[in-house]
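Number 41 in the numbering used here belongs to position 40 of the sequence shown; there are no gaps in the numbering.
Take a look at the structure below.
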Amino acid sequence: MNLDGSSSYIRWSPGYFADTPQSIALSSPPMDDTSEGLTLTEKTLLSLSDDVRASLADTKTLGARAGEVRAFLGDMVKREYEGKPSIHFSTIKNARLDKLLSDILKPTNRPYPIPIQFRADMSITRGLQRQWRARYREPYFDIDQTRYMNLPRFGRLKDVVFNEAAGEGNEIWSPSDRKSSLGLEANRPLEPGYRDGIVDSGLEKPTVGKYGMVALPLLKGREEISHEDGLVRYSKEGTMSEMYVSLIRRVGFQMRILRGHCLMSPLAPEAGIRYDGLYTLRQYGLTRNPQSDRLTVVLTLERVPGQRPLQEIVSIPRPSQLDDWQLFKRYEGETIMRKYGDQGFLN
């Protein structure tokens, strides 16, 4: 499951609104908003939903975009009460607006004591949720099941198939058409990431792209960040085959770095695998423990300047991507159970 902040990894369904085919203009902007109104497309609605949900989880507030989300929710409630609903169900589903409402009402996301403004936000949210449930009924209550069913058809498992021949630790998920994955290296993340073109294998090993750029997935091991020079020191124990020996010749060169959620690092994603951009390999080190005979590889990495700020990168996965991760884990578990039974699932 690959989680990346670039638009190429988030596939927008062509949603639209009833009032206009492309966007919706909110008629009641927040009091502190000097603009004449807010224009939201499905894409910007998802961004708004993600920002507010992330803020609720981190700070138990609506965050920096509180004014925007209050304007949106207020306008939606007003239109529902007037009998002029302006939003399509597909937009609610694709922009995760149902999740936004649920997160605002979630008890663990409430500050204590609850401010008067937040109580008002909850009241408006509860009213809109009630109206959408009454209008859409079963489809609204089954919205996550719809997303689940669409995962292999239109979602993040599109063009990825379960590899029944894979052994333990090998490529459980593989691109359905490997040849179509080999596009330009500039567009070139492991497993379904092979489909998207950043790596040439679903295995945890360095791979070399068409133009000689190395991609290195850091899925296990640990990282430490130096507060003095900002260098990242990655280390991992294992056998000789796991020591990335081929990187000795790449010291001083740039490489693409991917991080997995099992990596012990302050930079590791909360779920899945994330492409973190270009790093220069400054040093390669290899040591052997004479008592256990285990090897340890130590890589010193320096992030290439001029890229997307690291603060933005570590905010990925977004809440909507974590939604997809949970659906993926369920899908993977049920696929294994269906093909190999209970024992296969436990293994």
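For glycine and all other residues, C-beta sits at the position ideal for the given N, C-alpha and C.
None of these values were measured; they are calculated from a predicted model.
Best match in the options for proximity to residue i [C-alpha to C-alpha]
{"i": "I93", "options": "I117, P291, Q132", "result": "Q132"}
{"i": "D52", "options": "I337, G334, P320", "result": "P320"}
{"i": "E238", "options": "L264, I226, M214", "result": "L264"}
{"i": "R309", "options": "Y235, V161, V162, G278", "result": "G278"}
{"i": "R223", "options": "R260, D143, I144", "result": "R260"}
{"i": "L248", "options": "I88, K61, A216, P267", "result": "A216"}
{"i": "Y149", "options": "T336, G307, R289, P318", "result": "T336"}
{"i": "Q327", "options": "A65, R157, E43", "result": "R157"}
{"i": "P108", "options": "T147, R127, Q146", "result": "R127"}
{"i": "P86", "options": "P176, R136, R154", "result": "R136"}
{"i": "R289", "options": "R251, L220, T240", "result": "T240"}
{"i": "V209", "options": "R250, H89, S242", "result": "R250"}
{"i": "Y113", "options": "S91, K61, I88, M338", "result": "K61"}
{"i": "G334", "options": "V252, M256, Q312, F163", "result": "F163"}
{"i": "D145", "options": "G68, K100, P318, A65", "result": "K100"}
8 angstroms Cβ shell around residue i - same chain, five flanking residues per side excluded
{"i": "L129", "result": "L74, M77, V78, E81, L102"}
{"i": "L302", "result": "L232, V233, R234, Y235, I258, Y280, T281, L282, R283"}
{"i": "A269", "result": "E224, R260, G261, H262, C263"}
{"i": "F142", "result": "R134"}
{"i": "E83", "result": "none"}
{"i": "F254", "result": "V215, T281, L282"}
{"i": "P140", "result": "F90, T147"}
{"i": "V252", "result": "L282, R283, Q284, Y285"}
Reduced DSSP category for residue i - H, G, I as helix; E, B as strand; rest coil
{"i": "Y235", "result": "strand"}
{"i": "V209", "result": "strand"}
{"i": "P291", "result": "coil"}
{"i": "M123", "result": "helix"}
{"i": "R223", "result": "strand"}
{"i": "I115", "result": "coil"}
{"i": "A65", "result": "helix"}
{"i": "E303", "result": "strand"}
{"i": "Y141", "result": "helix"}
{"i": "G194", "result": "Unreliable placement is indicated for G194, whose pLDDT of 48 sits below 50; the coordinate value is still reported in the next sentence. Three-state result, G194: helix."}
{"i": "R154", "result": "coil"}
{"i": "G261", "result": "strand"}
{"i": "R319", "result": "coil"}
{"i": "R71", "result": "helix"}
{"i": "G273", "result": "coil"}
{"i": "A96", "result": "coil"}
{"i": "M244", "result": "coil"}
{"i": "M256", "result": "strand"}
{"i": "G342", "result": "helix"}
{"i": "P86", "result": "coil"}
{"i": "R54", "result": "helix"}
{"i": "Q284", "result": "strand"}
{"i": "T109", "result": "helix"}
{"i": "T42", "result": "coil"}
{"i": "L129", "result": "helix"}
{"i": "S175", "result": "strand"}
{"i": "L268", "result": "coil"}
Beta-carbon contacts of residue i that lie in its chain and below 7 angstroms, excluding the five residues immediately before and after
{"i": "V70", "result": "L49, V53, L63"}
{"i": "D122", "result": "L63, R71, I105"}
{"i": "L323", "result": "E271, A272"}
{"i": "I226", "result": "V233, P267"}
{"i": "I125", "result": "L74, G75, V78"}
{"i": "R66", "result": "L49, D52, V53"}
Rounded distance between the beta-carbons of residue j and residue i, thought under 8 angstroms
{"i": "V299", "j": "G286", "result": "4 angstroms"}
{"i": "L57", "j": "N95", "result": "Actually they do not touch by this definition, with Cβ atoms about 20 angstroms apart."}
{"i": "P207", "j": "Y245", "result": "6 angstroms"}
{"i": "R97", "j": "L47", "result": "6 angstroms"}
{"i": "A55", "j": "S242", "result": "In fact, because the Cβ distance is near 39 angstroms, the residues do not count as touching under 8 angstroms."}
{"i": "E165", "j": "K340", "result": "6 angstroms"}
Same chain, Cβ closer than 6 angstroms to residue i, five either side skipped, listed in chain order
{"i": "I314", "result": "D277"}
{"i": "L152", "result": "L158, L328, Y332"}
{"i": "S14", "result": "Summary for S14: the model assigns pLDDT 28, below 50, so the residue's position carries little reliability; its value from the coordinates is reported in the next sentence. Cβ neighbours of S14 beyond the five flanking positions: N95."}
{"i": "E205", "result": "P218, L220"}
{"i": "F119", "result": "none"}
{"i": "D325", "result": "R157"}
{"i": "L311", "result": "none"}
(request) Would you check if the region 267–279 and the region 291–302 touch, i.e. whether three or more CB-CB distances between them fall below 8 angstroms? (result) Taking a cut-off of 8 angstroms on C-beta distances, the region 291–302 does not touch the region 267–279, as fewer than three cross pairs fall below it.
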